[in-house]
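Here it is, written out as structure tokens:
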């Protein structure tokens, strides 16, 4: 009696599309250009979904992002949740979003989109924008990252603050 056995072993790991290919904890990522610090991203957790047809990174526990301009002035971005889409360069910030510039202009929003390629911020959600001595409430916001072209859309109130 002769018996033949054959085994095929597939060593390629199968990763489901809805499962992250990587999880990072306690991130402190620094981005430099020509030896100068440009950005510092801090987050407790990141999920890497680069295995998807439309790859992205998810920050379920929020982010602290510090951006530095040419004069080394720091702007701060805080959010309870963020998702960064690799192909488009768009970051979707959600939940208690605060963006504060080095000149103390501050934007408060429920959600804010940041287009990294165009260096542009936008939302169609309710916002409060503090600039100079004014507190402006509205529905929507468009601006370059330096707030040089900042515009609150559908303004529903302006309060002038005593300084």
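Residue numbers (my numbering): 76 to 238.
Positions of the beta carbon are idealized from the N, C-alpha and C atoms, including for glycine.
Report task. Have a look at residue 230 and residue 118 and give me their C-alpha separation to the nearest angstrom. Result -> What you label residue 230 is simply residue 155 of the chain shown in a count that begins at 1. What you label residue 118 is simply residue 43 of the chain shown in a count that begins at 1. When rounded, the distance between both Cα atoms is 33 angstroms.
Query raised in the report: In whole angstroms, what is the alpha-carbon distance linking residue 181 and residue 187?
Result: Numbered from its first residue, the chain shown carries residue 181 at position 106. Numbered from its first residue, the chain shown carries residue 187 at position 112. The alpha-carbon atoms of residue 181 and residue 187 are separated by roughly 13 angstroms.
Query raised in the report: Going by C-alpha distance, which of 111, 147, 183 and 189 is nearest residue 227?
Result: Indexing the chain shown from 1 puts residue 227 at position 152. Nearest of 111, 147, 183 and 189 to residue 227, Cα basis: 183.
Query raised in the report: Hey, quick one: how far does the beta strand (DSSP E) through residue 144 stretch, first residue to last?
Result: As a working mapping, residue 144 is identified with position 69 in the chain shown. Premise fails: residue 144 is in no beta strand (DSSP E) and is neither H nor E.
Query - Minimum C-alpha distance to residue 177 - residue among 133, 96, 145 and 195 - result: What you label residue 177 is simply residue 102 of the chain shown in a count that begins at 1. When only C-alpha atoms are compared, the closest one is 145.
Requested in this report: Take the Cβ of residue 125 as the centre, count every other Cβ of all protein chains shown within 10 Å, and call the residue buried at 16 or more, exposed below.
Outcome: As a position in the chain shown, residue 125 is number 50, starting the count at 1. Under this definition residue 125 is an exposed residue.
Query raised in the report: In its own chain, which residues sit with a C-beta less than 7 angstroms from the C-beta of residue 107, not counting the 5 before and 5 after it?
Result: For the purposes of this step, residue 107 is taken as residue 32 along the chain shown, with counting starting at 1. Answer for residue 107: 113, listed in chain order.
Report task. Throw me the rounded Cβ distance for the residue 136 and residue 95 pair, which I believe falls under 8 angstroms. Result -> Taking the chain shown and counting its residues from 1, one reaches residue 136 at position 61. Taking the chain shown and counting its residues from 1, one reaches residue 95 at position 20. No, residue 136 and residue 95 are not in contact; Cβ-Cβ is about 14 angstroms, not under 8 angstroms.
Query raised in the report: Of all the beta strand (DSSP E) runs that stay within the bounds of the stretch 103 to 143, which reach a length of 3 or more residues?
Result: 111 to 124, 131 to 134 and 138 to 143
Query raised in the report: For residue 141, which of 170, 104 and 200 has the nearest alpha-carbon?
Result: In the chain shown, counting from the first residue as 1, residue 141 sits at position 66. It is 104 whose Cα lies nearest to the Cα of residue 141.
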